[in-house]
Amino acid sequence: MAIFRRPQYSTVRVKKKDIPAGLWTKCPESSEIVYNKELEENWMVVPKSGYHFQLKARRRMELLLDDGSFEEHDESLSSVDPLEFVDNKPYHARIEAAQQKTGENDALVSGVGTLDGMPVSLAVMDFSFNGGSMGSVVGEKITRAIERATASNMPVIVVCASGGARMQEGILSLMQMAKTSAALARHSAAGLPYISVLTNPTMAGVMASFASLGDVIIAEPKALIGFAGPRVIKETTQQDLPAGFQTSEFLLKRGLIDQIVPRLEMKARLATLLKAFMRSKS
Numbered sequence: 686m687a688i689f690r691r692p693q694y695s696t697v698r699v700k701k702k703d704i705p706a707g708l709w710t711k712c713p714e715s716s717e718i719v720y721n722k723e724l725e726e727n728w729m730v731v732p733k734s735g736y737h738f739q740l741k742a743r744r745r746m747e748l749l750l751d752d753g754s755f756e757e758h759d760e761s762l763s764s765v766d767p768l769e770f771v772d773n774k775p776y777h778a779r780i781e782a783a784q785q786k787t788g789e790n791d792a793l794v795s796g797v798g799t800l801d802g803m804p805v806s807l808a809v810m811d812f813s814f815n816g817g818s819m820g821s822v823v824g825e826k827i828t829r830a831i832e833r834a835t836a837s838n839m840p841v842i843v844v845c846a847s848g849g850a851r852m853q854e855g856i857l858s859l860m861q862m863a864k865t866s867a868a869l870a871r872h873s874a875a876g877l878p879y880i881s882v883l884t885n886p887t888m889a890g891v892m893a894s895f896a897s898l899g900d901v902i903i904a905e906p907k908a909l910i911g912f913a914g915p916r917v918i919k920e921t922t923q924q925d926l927p928a929g930f931q932t933s934e935f936l937l938k939r940g941l942i943d944q945i946v947p948r949l950e951m952k953a954r955l956a957t958l959l960k961a962f963m964r965s966k967s
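In our numbering, the protein residues as written are 686 to 967.
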């Protein structure tokens, strides 16, 4: 009788249960696996780690404004291709693809509504539309949202989520920095408040213009905020960057933003600020 026997392996093959794709999302911070329905119900914030995923513009409108109060403006505006710009695909093809993907005409949704009963002009950028890049349409819609607020004697809030100016529109895109800033100057001269909300990411020409001009500047936790990206800065300066460079927390310590507010607390915080602003105005 043999002392050692060859192991006997089962010849029965067990098939893994097919799990439909798109049901779960992995948290990049904690590696926690979150059920997508639970994540969406929690406004794209991971319940345990508090990690903030990007939020579509219209969902954020639902989060911030009172139910049924939103009246959209300028929804028909859509980018054209004045420079006939082509990189690895024509610019007009990029716009058409983004419109089909998102269901939006461009990277910003704007209108008026009420926030805790207070009238407000709100503009929200959508990063899913070509990285929330600022072209002529985005700049025009923000400018109109500001001017609408000034004319109606109401506050304006802009929620930023952008990689910066849209290079396919060249100088026409960069001109939106001056145009939006001038509109905000007139709004401020009228004694009306502007609150800027920075989300991940808020970069380049957007951060260098209207995003940084708020009477109060609020950021979501751990958002990337800056002008050039960390890699570009490191390569240019040939120096290691400080820990946490260009995050909300880094900028708060250095006085470049005023508050860090988790997404689920944002509406209540905005309501408190608006009540204080409008009370002092009256």
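Using N, Cα and C, we set each Cβ at its ideal position, and we do this for glycine too.
Notebook entry, point to check: In this structure, what does DSSP give as the bridge partners for PRO804?
Noted result: According to DSSP, PRO804 bridges with THR799.
Item checked: Opening and closing residue of the alpha helix (DSSP H) in which LEU748 lies -> Looking at the DSSP string, the run of the alpha helix (DSSP H) that includes LEU748 is 742-749.
Item checked: Among GLN853, PHE962, ILE827, the one whose alpha carbon lies nearest that of LYS968 -> In the structure displayed, the chain extends from 686 to 967; residue 968 sits before or after that span and is not available.
Next item on the list: Look at the alpha carbon of ILE780 and the alpha carbon of ASP791, and state the distance between them as a whole number of angstroms.
Entry: 8 Å
Checklist line | Rounded distance between the beta-carbons of PRO906 and PRO947, thought under 8 Å | finding: 6 Å
Check: Quick check: the segment 741-753 against the segment 764-773, are there 3 or more CB pairs under 8 Å?
Finding: no
Next item on the list: Provide the residue(s) that pair with VAL730 in DSSP beta bridges, ordered along the chain.
Entry: HIS737
Note to self: Which residue marks the beginning of the alpha helix (DSSP H) containing ILE831, and which one marks its end?
What the structure shows: 821-836
Checklist line | Where the beta strand (DSSP E) containing LEU883 begins and where it ends | finding: 879-888
Next item on the list: With hydrogens ignored, establish whether the beta-carbon of VAL797 is closer than 6 Å to any heavy atom of the ligand ZN.
Entry: Absence of the ligand ZN from the depicted structure is noted, as is the absence of any ligand whatsoever, leaving it without description.
Note to self: So for PRO915, helix, strand or coil by DSSP?
What the structure shows: helix
Note to self: What does the alpha-carbon distance come out to for the pair SER932 and ALA913?
What the structure shows: Here residue 932 is Thr; the residue named in the question, Ser, does not match the sequence. The straight-line gap from Cα to Cα measures roughly 13 Å.
Notebook entry, point to check: So, LEU883 versus ALA904, is the Cβ gap smaller than 7 Å?
Noted result: yes
Item checked: Spatially closest choice to GLN784 from SER806, GLY796, SER813, SER795, by CA coordinates -> SER813
Note to self: Taking the beta strand (DSSP E) that THR710 belongs to, which residues open and close that run?
What the structure shows: 709-711
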